[in-house]
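Residue numbers (the numbering used here), protein chains in the order written: chain A, 51 to 149; chain B, 20 to 510; chain C, 15 to 545; chain D, 50 to 720; chain E, 82 to 298. Backbone N, C-alpha and C define an ideal beta-carbon position, used for all residues, glycine too. The structure presented is a predicted model; accordingly, all values stated were derived computationally and were not measured.
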Amino acid sequence: MAIGWYLAVSALIFAIGAAGVLVRRNPLVILLCLELMLNAANLALVAFARMHGNGDGQVFALIVMVVAACEVTIGLGLIVAIHRRRLPVDVDELRELRG
Amino acid sequence: MALSILIWLPALSGVVAALWPARWAPRVTLAGAVFTLGMAVGYVVSFDRGAPGLQWVTDRTWIGELGIHYKLGLDGLNLFLVLVTALLFAAALLHANLRDWERPRLFYAMFALAESAVLGAFLAQDLALFVVFFDLMLIPFYFLIGAWGRGDRVRATTKLVIYTLVGSLFMLAGAVATGVIASQGGNSLSFALSDLAQVQLAKGTQEWIFLCFAVAFLVKMPLFPLHGWMPDGYRAMPLPVLAVFSAVLSKVAAYGFLRIVLPLFPDASAHFQDLMLLIALASILYGSILAFTQTDLRLILGFSSMAQLGFIVLGIFSLRPEGAQGALLQMVNHALVVVPLFFIVGALAARAGGSEDVREMGGMAARAPVLAAVFLIAALANLAMPGFANFVGEFYILLGVFKAKLVIALVASTGVVLASVYMLRAFVGAMHNRGGAGVESRELSLGEAATIVPLVVCVIALAVYPQLPLARSQDTVKASVRSARLVANAP
Amino acid sequence: MTPHAPHIDWAGLSPVIALTVGPIVVLMAGLFRREVVRRAVVPVLTVVALGAALGLSVWQWGEDKSIVSGALAVDDLSMFLNVLFCVGAIAAVVLALRDSSAEEAGHGEWHALLLSAVLGMVVLAGAENLVVVFLGLELLSIPLYVMCATNLRRSTSLESGLKYLIVGSVGSATLLYGLALIYGAAGTTSFGGIAAALGRDGGLASDPLTLTGIGLLVAGLCFKVSAAPFHQWTPDVYEGAPTPVTAFMAVATKAAAFGAFVRLFDVALVDAATNWAPLLAVVATVSIVVGNVGALGQSSLKRLMAWSSVAQAGYMLAGVVVADEAGVRALVFYLAVYLVMNIAAFAVIVARERETAFGDDIRSVAGLGASRPELAWPMTLAMLSLAGMPATAGFVGKFTLISASVQNDYAWLGIAIVIGSMISLAYYLRVIAAMWLTDAPAVAPRPVMAGGSPELDSTGDDSSAGDSSAREPGPPANGSGEGEPGAASLGRQPEVVAVAVAFGAATLVLGIVPSPLLHAARDAGRALGLL
Amino acid sequence: MSPTTFGWLVLAFPLAGTLVVALGWRALPGKLPGWIGTGAILAAFLASLGALLSLNGREGEHAKTVASTAYDYANTVGVDANLTILVDPLSVFMILVVTGVSTLIHLYSVAYMWEDRGYARFFAYLNFFVFSMLLLVLAGNFFLLIVGWAFVGAASYLLISFWYRRRTATRAGIKAFVMNVIGDVGLVLGTYFIFKHTGTLDFVGAFERAPDVFANNDGDLVAGCILLLVGAFAKSAQIPLHTWLPDAMEGPTPVSALIHAATMVTAGVYLIARMHPLFERAPAAADVGAVIGCLTLFVAATIALTQTDLKRVIAYSTMSQIGYMIMGVSTGAYAAGMFHLMTHAFFKALLFMAAGSVIAAMAGVQDLDRMGGLRRAMPFTFATMVIGGLALSGVPPFSGFFSKDEILLAVGDRGGWHWILYVIGYLAAFLTAVYTFRMIFRAFYGDPVPEARELEAGHLAHAETPVNPMTGEEEDTDVGFPGPGHFIAEREWPMRAAMGVLALGAVVLGFLQVPHATHVVDHFLEPTFAGSQFATSQPSDTLLWLGLVLGAVLGLGGIAVAHLLWVRRPELPGRIRARVEPLYELSFHKWWFDEAYDRAFVRPARAAGTWLRERFERWVIDGALVGGPTAAVRAGSSFVRSIQDGYLRVYAALLLFGVIGVAFYFLVVST
Amino acid sequence: MAEVLFFLASLGALAGAIGVVAVRNPFYSVLALVGHLLSLAALFLLLRAEFVAAAQVVVYAGAVMVLYVFVVAYIGGEDRPIGGPGPSFPSVAPLFAIALFVELCVATLGSGLKAIDGEGAPYVAGFGSPAQIGELFLTRFLLPFEVASYLLLIAAVGAVILARRRRGLEDEASADRMPVSVGDLFRPEPGVGTQAESVGVLADQRARAARQQDEGW
């Protein structure tokens with residue numbers, strides 16, 4: 051398969067993830083969508099690594115996984131904190147700050 | 020070095036005033052201003068008329084990376100402006116001493132800082148340094164007007180400061196561009212005026228930079244149509260502040276044209292000569308006509324100043340030595356005459372129950388002949404009656420314009436007529452006719468006289484011997500208009 | 015094939031090591047049960063770690079090397095920025111001494127996060143590899159996401175944390191995708207390799223793949239420096255976050271992101287400059303306009319500062335745009351200046367937040383000139399400096415930026431900076447006007463004056479200041495009876511005032527004697543080997 | 050001593066008098082200010098005589114033109130504005146007339162102004178005026194001329210507004226000042242035109258160079274001379290700049306006598322005479338002067354016929370007489386013009402003084418309608434008034450007869466269209482006799498009014514409450530209004546002395562210049578006008594005798610007509626008036642000049658000012674220039690903040706939007 | 082063969098992605114993501130990234146997703162409508178996505194790089210093997226490797242701070258016994274579990290102390 055196909059799939063996943071961030075109101079799901087975006091990047095990285103035949107991309111992808119895990123952790127921690135604070139777990143209702 | 024002392028002495032006195040007990044603040048700053056005045060007089064006395072170029076030059080590198088020098092110097096162009104600044108600040112501080120101010124330490128410190136900034140702007144021989152002082156002037160005035168002003172002071176101050184800073188910021192851009200572009204031909208980056216004068220910028224570059232500077236200066240003066248801040252600002256300012264603001268700050272702008280714009284941007288000056296003359300002309304007529312219909316004495320003086328500054332710009336942009344000489348003299352004259360006039364307005368308001376509306380005054384001459392006399396002298400001087408140095412200034416200005424653009428001189432001369440109308444109207448309205456209710460005719464108090472009379476004496480002295488500044492400025496003025504004149508007269 | 019462990023230049027790595035060890039130590043110290051350890055020793059240790067990093071960075075001044083297999087650059091630019099991060103962090107530590115956010119999070123953890131964020135910045139600013147860029151960015155962001163939310167009692171703090179996290183992650187993902195595309199185009203992750211690839215193959219610098227990658231990078235980095243239209247998180251997060259965190263975030267994040275910006279764009283991608291520079295200039299202009307316009311009419315000071323930071327980011331982008339030594343110098347100098355003036359302003363906001371019932375509303379500083387000149391002056395200087403008035407550092411900063419723009423035929427960008435400054439006057443002056451030209455609002459501020467003059471209160475209560483104030487929880491005021499002595503002693507907050515005064519004075523001093531800093535900035539500017 | 054030393058002294062005395070009286074106003078007791086003022090002017094008169102003698106003693110070419118520079122006043126960049134005086138026969142002639150008449154008027158005022166609360170101020174002003182006038186006359190260059198020119202304007206303003214709490218007086222003052230400033234501006238601009246070519250402001254230098262640099266009727270020169278004429282017209286109350294003079298009668302009567310009759314208003318005549326080397330190279334401009342002079346003399350005479358205010362009648366007659374002089378000097382009759390200037394100074398001052406006496410007797414009333422039968426009560430005043438009237442009417446052998454006829458003779462001698470001027474001149478001479486004696490008859494003949502009766506009984510009438518004679522407003526007698534005392538010549542010797550001397554002069558001065566007999570004035574002024582192309586013209590005797598007879602007949606005829614109309618058949622004027630109502634209206638409303646100016650200048654200016662202030666300032670200066678950008682920024686602000694609506698998803702959307710936009714840009718620029 | 086596998090795997094990945102976005106119940110979203118991740122791992126294998134694929138399955142589908150499931154369970158996967166009231170723009174969100182997709186495709190397809198149309202560089206033995214990755218991590222990417230581990234530590238600390246229970250913040254009734262901290266879940270990896278634990282202990286102690294002092298937050 052040409053590398054271009056992988057990249058196209060990656061782009062599509064990225065776009066879907068982005069769309070998900072825009073349409074979903076549950077922060078949990080938004081975090082999932084962010085995962086999608088990061089994974090799209092990962093796919094691109096791995097595809098490029100294959101294309102160039104060097105390991106940089108794969109290493110990068112591994113690092114991204116770590117980072118994604120960290121973001122998820124923090125994100126979930128925040129969601130838990132918000133839930134504990136009895137605040138709505140809905141990004142549309144968190145708009146005390148504006149203007 | 021010596022000039023540094025002249026500049027920073029007032030600021031130093033302001034700092035001392037801010038640190039010492041409040042009751043000393045007025046005296047300390049006044050003493051500082053008087054010392055400064057003494058030094059300025061000393062400079063005038065020991066000024067070498069024959070020597071070309073700058074005297075007592077201080078030149079240090081301030082910010083080497085940016086080519087900014089701390090360069091000061093006196094020559095015929097700023098000699099008397101410095102003297103007048105020192106004199107008027109001393110007078111204004113004396114006037115301020117006559118009453119109590121809230122938070123006196125801050126007030127006097129700011130006042131003194133303002134003097135330093137103005138002196139710095141006059142003495143700066145580096146473009147960036149000039150810009151620094153030019154903007155710095157405004158900060159103390161922001162506080163002085165905003166905190167001790169009257170009426171809708173915060174709004175008026177904000178409007179004033181933003182309006183004038185808008186101009187200043189344009190100038191900042193223009194100044195930076197001047198220095199940077201001048202350094203592009205392999206010259207080292209330097210903002211010293213003497214270095215910049217060596218480099219001739221391309222005409223197109225000169226033109227946009229000229230406009231930047233022109234906006235800054237025209238707003239500061241202010242000239243039509245950039246005077247939007249003026250009515251509110253004038254109404255809001257406390258009197259001593261207003262006096263120096265109107266007298267001195269506007270002159271810094273006019274001085275900037277002579278010191279910076281004409282020598283550095285001669286092609287643009289010639290290119291925009293007609294535009295500037297028309298703006299000046301419009302200011303003369305507009306200011307005169309509005310002064311003619313105002314009833315607030317401050318605004319009469321404000322619009323009258325606008326007209327007078329129109330004359331000054333007219334003289335400068337005749338691009339002839341006569342006009343520029345006249346403009347320079349007129350700067351001194353106008354500064355010298357407008358301050359006593361504002362003090363007189365204060366004295367009148369004190370006698371008319373606080374109102375500065377000329378309709379609520381009248382008949383005040385009856386028991387106050389000295390007040391009437393000084394008011395009359397100042398008013399006549401302000402309307403440039405022949406015999407006063409103001410007339411000499413206008414004579415030279417109109418002569419310059421006459422030689423450059425005949426029609427403009429003819430139209431501008433109607434401004435002289437209108438000036439007589441509004442000044443006499445103000446004088447008569449306040450001093451003559453029957454007094455309104457609540458107007459008392461009271462002679463000048465000792466304190467009032469101490470601030471007003473010496474200035475009027477100065478006006479008279481200058482009327483008797485205007486040659487004093489003229490002789491000292493003529494070489495510098497000629498040099499400053501030379502290149503622009505050459506361009507303007509080229510076919 | 016035996017792998018050889020890479021040579022490690024320990025001297026060059028020393029600031030990083032200091033900042034790695036620091037959090038661990040602080041975290042440990044935070045476990046001690048004694049209050050004094052947590053309250054006093056932890057901040058002191060934090061400051062020691064930061065001081066060590068700062069000192070080591072200064073020690074490494076003048077070096078120009080690449081360490082740990084080309085991962086990090088140790089040169090004047092990164093060292094200069096390291097100093098900025100450390101100074102900003104030290105100020106944040108001091109400002110947070112009595113802050114409830116550190117209390118909430120636990121002192122050890124809070125300070126460890128702070129140090130980690132600084133570490134992330136150091137890594138980001140020195141990064142010479144795409145992977146390191148991404149990691150540095152995340153290492154600075156993740157602690158900040160948490161720190162924003164540490165004021166758990168305020169819903170806005172949580173809200174700001176969540177917003178920052180989500181929008182920030184979108185930004186990171188974008189950046190990451192951009193990095194991936196660049197990697198795909200160049201085939202390597204090291205800056206040197208990318209620059210070489212772009213230089214080698216002329217077509218690559220204008221290849222859609224490269225350029226789209228650059229575009230995504232621009233978006234990601236602009237997000238971090240909060241340039242419009244990637245700025246929207248800024249006001250909300252700045253307002254919601256605990257104020258010391260906001261202060262730190264405002265100055266240090268920006269510096270780090272700009273560090274990465276110049277290194278990435280002016281080194282790795284400099285061959286594509288003809289393509290990205292005009293766009294960045296446009297982004298700068300949009301930021302200037304949007305930031306300044308948005309700040310108008312804000313009543314929350316933190317929000318105002320946030321919008322102002324959007325505008326300031328626009329000014330600073332000009333330094334990136336011109337992509338030469340003068341530009342980097344101007345940018346770096348402005349970053350330092352920006353740090354100084356912002357810290358001064360935030361210190362005052364912190365002080366007033368604790369002293370009045372108005373929070374960070376502009377009313378909290380009303381009449382400050384009369385009541386507390388020692389706070390009013392730093393704020394005034396900061397505002398004047400932000401507005402670019404002469405005799406303040408901001409003036410010199412703008413001067414250098416405009417100068418750099420004009421020098422590289424971006425005169426119109428200089429004009430844009432100038433016009434932005436004009437708009438900005440309206441809100442900066444509003445703050446000054448509130449302090450000097452209006453009287454304090456009629457509602458009594460939180461410190462109770464019943465006992466007489468505030469001076470009396472504080473002098474009598476200095477020794478117990480630490481303890482009683484610490485128990486004073488965050489707003490809103492809870493107890494009328496018990497809170498009083500603590501509140502009164504808070505009235506002075508010497509450490510906050512000291513920060514305000516120190517940074518206010520620095521604003522003035524840097525405006526009058528900018529040469530030393532400009533020298534340093536020039537060295538930093540030369541580090542990249544640009545024209 | 051050299052003539053210039055005397056010249057400086059002439060200037061110094063009045064200036065010293067001004068300063069002493071002005072600064073010592075509180076310290077000087079009683080009438081001392083008056084005497085100091087009078088003494089100063091007397092000293093100046095004596096110094097003038099000294100200058101005369103000193104000048105006469107000098108022999109040789111150009112010896113009679115002496116200049117002296119005190120110091121460089123404003124001498125830079127090629128503009129030689131120095132403090133220079135020029136003493137030559139013309140200026141000596143003028144300073145003699147000025148100081149002489151001034152001394153007498155000061156003397157008169159010592160008594161007349163007594164009890165006015167502004168006594169010292171009055172003399173300070175009056176001395177200042179004399180100083181200014183002398184400065185004007187002695188000025189040796191254009192610059193100083195302008196200074197003196199403006200100073201007299203200012204002095205005139207001060208004295209017109211002397212009773213400054215009268216709104217009528219202050220308004221008249223402003224009017225006079227502004228008109229004078231118009232004149233100043235004309236003078237300045239005229240100077241520019243001349244200076245542009247001659248390169249010097251100095252009279253002697255400029256006149257020397259004029260023939261070299263100016264062609265005959267050179268455009269710039271004509272323009273310059275016409276602008277100089279504007280100055281002359283404004284100062285000398287010539288059409289169209291004359292409207293201030295009648296209003297200037299608001300000032301105290303001695304002021305009218307001195308400034309608005311004898312001296313200042315003749316400055317225009319002096320100016321033209323002084324500038325004759327220029328005017329002779331610009332005949333077009335000179336013709337303008339002649340025509341305007343003629344027009345003025347006629348219009349003023351017609352207006353004077355119907356006015357009822359005593360002083361205004363005399364004021365119009367002044368305008369008219371100055372018209373003669375302007376016409377004269379503009380047609381080359383310099384000596385004749387100057388001669389008429391001198392005689393007119395005497396008899397017109399006399400007439401005003403007499404009028405002042407009458408007004409005092411009427412307790413401030415100036416309206417002829419309210420006067421009558423004062424002849425017996427005020428014999429001295431009556432006599433002097435008649436002498437003055439006869440001189441004014443040109444009845445032989447009074448002084449006016451000779452001087453006026455000499456002007457008209459020279460005009461007639463020019464021939465061509467000047468004949469029209471000649472005819473109008475004599476027509477106006479007839480009218481002059483009519484209105485002069487109309488005034489005298491109406492004031493002194495007929496039934497005595499109550500005031501006259503009271504005076505006959507030995508009491509000087511005093512109004513119960515003083516009123517403004519123009520408006521009837523009630524006044525007090527404090528400073529700023531006329532004082533409580535009224536003084537008439539019959540009772541005050543200084544007044545009588547002054548009037549007596551003037552009356553003598555009005556009778557005998559004509560003999561200085563009797564045709565074919567004496568030529569004192571001609572000879573004296575000869576050195577000044579030697580270079581003139583008209584210096585040698587000698588009119589024919591036919592014309593001379595025609596003029597003399599015509600003048601005598603018209604003068605006497607006019608008096609006869611006046612006698613018929615206002616003494617013998619008092620009902621006739623009303624019938625005539627009804628017959629020629631439009632003409633009467635034209636005359637009575639002063640040819641509607643004031644109304645026309647009001648409509649053409651004052652109201653538009655005021656309307657423009659109001660419009661600019663109320664509308665333009667608000668809409669354009671504040672609205673468009675300040676409000677426009679502000680509104681734009683505000684709109685931007687509310688837009689930006691409306692996007693910042695707190696929705697996290699919106700933020701993300703904008704972020705992605707930015708990403709898409711940026712990527713789009715890069716795709717577009719990519720290859 | 083490879084084409085078929087690619088087709089299947091990418092179909093799975095896309096379906097999973099769409100599932101994440103489109104399914105209303107967060108729990109199903111998580112499951113969709115797991116599917117997505119597994120498909121992605123397959124793609125990685127096709128790209129000869131064995132180690133990455135393995136890590137993907139172990140770390141993501143294993144650890145991280147478990148965390149998700151826990152939290153979803155804790156929060157209670159309320160069904161929030163997609164879109165619904167709120168900002169009015171979401172209708173254009175798909176457009177954004179499409180635009181983004183198009184742009185990225187144009188970037189890759191329009192690129193002048195020949196390699197994109199190829200199947201990649203010639204396969205070298207050991208490419209993508211743990212050995213190669215490990216070597217890279219210990220040589221060229223030593224610093225990222227260390228920093229990444231450090232990042233995990235910090236993330237753990239952060240999570241502890243956020244998710245720790247505090248008195249007064251939550252409703253007493255719902256204060257069921259929770260894991261000491263979500264950070265515990267990371268204990269094995271960075272090896273700082275004691276840290277997290279002690280923090281949690283400390284929190285309890287502090288809470289007790291606070292109660293004793295009765296300051297009442």
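Extent of the continuous beta strand (DSSP E) to which residue i belongs
i             : result
R79 (chain B) : Q74 to I82
G92 (chain B) : I87 to L93
Short CB-CB distance (under 8 Å) between residue i and chain B
i              : result
A407 (chain C) : no
Environment of residue i [buried if 16+ CB atoms lie within 10 Å]
i              : result
W293 (chain D) : buried
Segment limits, alpha helix (DSSP H) that includes residue i
i             : result
T48 (chain B) : A44 to S65
L86 (chain C) : Looking at the DSSP string, L86 (chain C) is not in any alpha helix (DSSP H); the run it does join, the beta strand (DSSP E), is L86 to V88.
Beta-carbon gap between residue i and residue j smaller than 8 Å
i              : j              : result
G408 (chain C) : L400 (chain C) : yes
A221 (chain D) : I231 (chain D) : no
Contact with chain C by residue i, beta-carbon distance below 8 Å
i              : result
G209 (chain E) : no
Distance, residue j Cα to residue i Cα
i              : j              : result
M404 (chain B) : T392 (chain D) : 32 Å
I335 (chain B) : V357 (chain B) : 20 Å
W84 (chain D)  : V64 (chain B)  : 43 Å
A106 (chain C) : P258 (chain C) : 5 Å
L390 (chain D) : D376 (chain B) : 46 Å
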